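Please read the structure below before turning to the comments.
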Amino acid sequence: MELLIVKDYDELSRKAAEIVADELKSNPRIVLGLPTGATPLGMYRELIEMYKEGKISFKDVITFNLDEYEGLSKEDPNSYYRFMNDNFFSHIDIKEENTNIPDGMAVDIERECREYEDKIAKSGGIDFMILGIGNNGHIGFNEPAEFFPGFTHRVKLAESTIQANSRFFDSIDHVPRYALTMGIKSIMHSKKIMLLASGKAKAEAIKGALQGPITPKLPASVLQLHRHLIVIVDEEAGALLE
Ligand code: GLP
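Next up, the structure:
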């Protein structure tokens with residue numbers, strides 16, 4: 002594992018974007034796994050800047066997002082589809098058909114999950130997966146559980162996640178209770194993984210994920226088993242690390 006502890010959120014965003022840009026330059030047809038949430042926003046902004054300055058291009062890049070809320074349409078301001086378009090895709094030269102996000106409105110959710118996984122496989126698998134982490138140690142929407150879930154699946158969100166994510170919604174009642182997410186196997190099959198965490202609310206999850214026992218009760222802890230893991234945390238998120 003490569004651990005980088007940086008000063009603050011701005012430095013984390015710059016460093017993360019630099020690493021993605023280097024990966025992209027060495028493989029212009031890279032398959033990226035992408036997260037949503039507040040954490041990667043700064044990294045997306047930096048990447049957009051680099052694109053505008055002509056330093057990088059996404060024209061041959063393929064992306065797979067980690068997750069989507071069940072029941073939110075593509076137009077819904079809280080859907081991850083909208084999030085990705087508003088905050089990243091609409092500002093760069095990526096081809097729309099090369100961006101993939103699970104369909105939260107699919108009538109047959111199981112089929113949607115199976116097809117999503119097939120698409121990842123057909124694209125050759127994920128080369129570089131970028132992850133945030135939930136306060137409870139979730140990655141994607143893989144919540145603390147008794148076992149590690151395998152491939153893309155439907156999940157019931159933990160109360161603490163509904164609470165944490167309610168900050169983006171008008172009211173907590175509007176936060177969907179279910180989501181579609183890549184599973185732990187989908188994530189662990191990626192060739193490289195980069196985990197990002199910022200702020201003191203993440204300090205305990207980061208401590209457990211990197212230095213605690215490997216357990217599905219803290220899903221991110223499984224990342225300790227990955228052979229090519231880069232972790233970038235700011236000082237607050239890394240405060241409890243030894
Ligand atoms: C959501 C997403 C995760 C993300 C997490 C942390 O629940 N499904 O992929 O990592 O929130 O979000 P934030 O970066 O806003 O703290």
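Per my numbering: the sequence shown = residues 2 to 243.
Heads up, the beta-carbon is just placed ideally off N, CA and C, and yes, glycines get one too.
Note that the structure is a prediction, hence the values are computed from the model and not measured.
In the pairwise beta carbon analysis, the region 4-20 is classified as touching the region 220-236: at least three pairs are separated by under 8 angstroms. The bridge partners DSSP lists for phenylalanine 129 are Leu33, Lys193.
Taken in chain order, the complete beta strand (DSSP E) segments of 3 residues or longer contained in the region 87-133 are 129-132.
Around the ligand GLP, the residues selected by a Cβ distance under 6 angstroms to any of its heavy atoms are Pro36, Thr37, Gly38, Ala39, Thr40, Leu67, Asp68, Gly133, Ile134, Gly135, Gly141, Phe142, Thr162, Asn166, following chain order. Here asparagine 136 carries a coil assignment [DSSP, helix/strand/coil]. For leucine 67, there is no enclosing alpha helix (DSSP H), since its DSSP letter is neither H nor E. Taken atom to atom, the span from the alpha-carbon of glutamate 76 to that of threonine 216 is near 37 angstroms. DSSP places aspartate 9 outside both helix and strand once states are collapsed to three, so it counts as coil. Rounded to whole angstroms, proline 41 and glycine 133 show a C-alpha spacing of 7 angstroms. CA-CA distance, leucine 211 to alanine 107, rounds to 35 angstroms.
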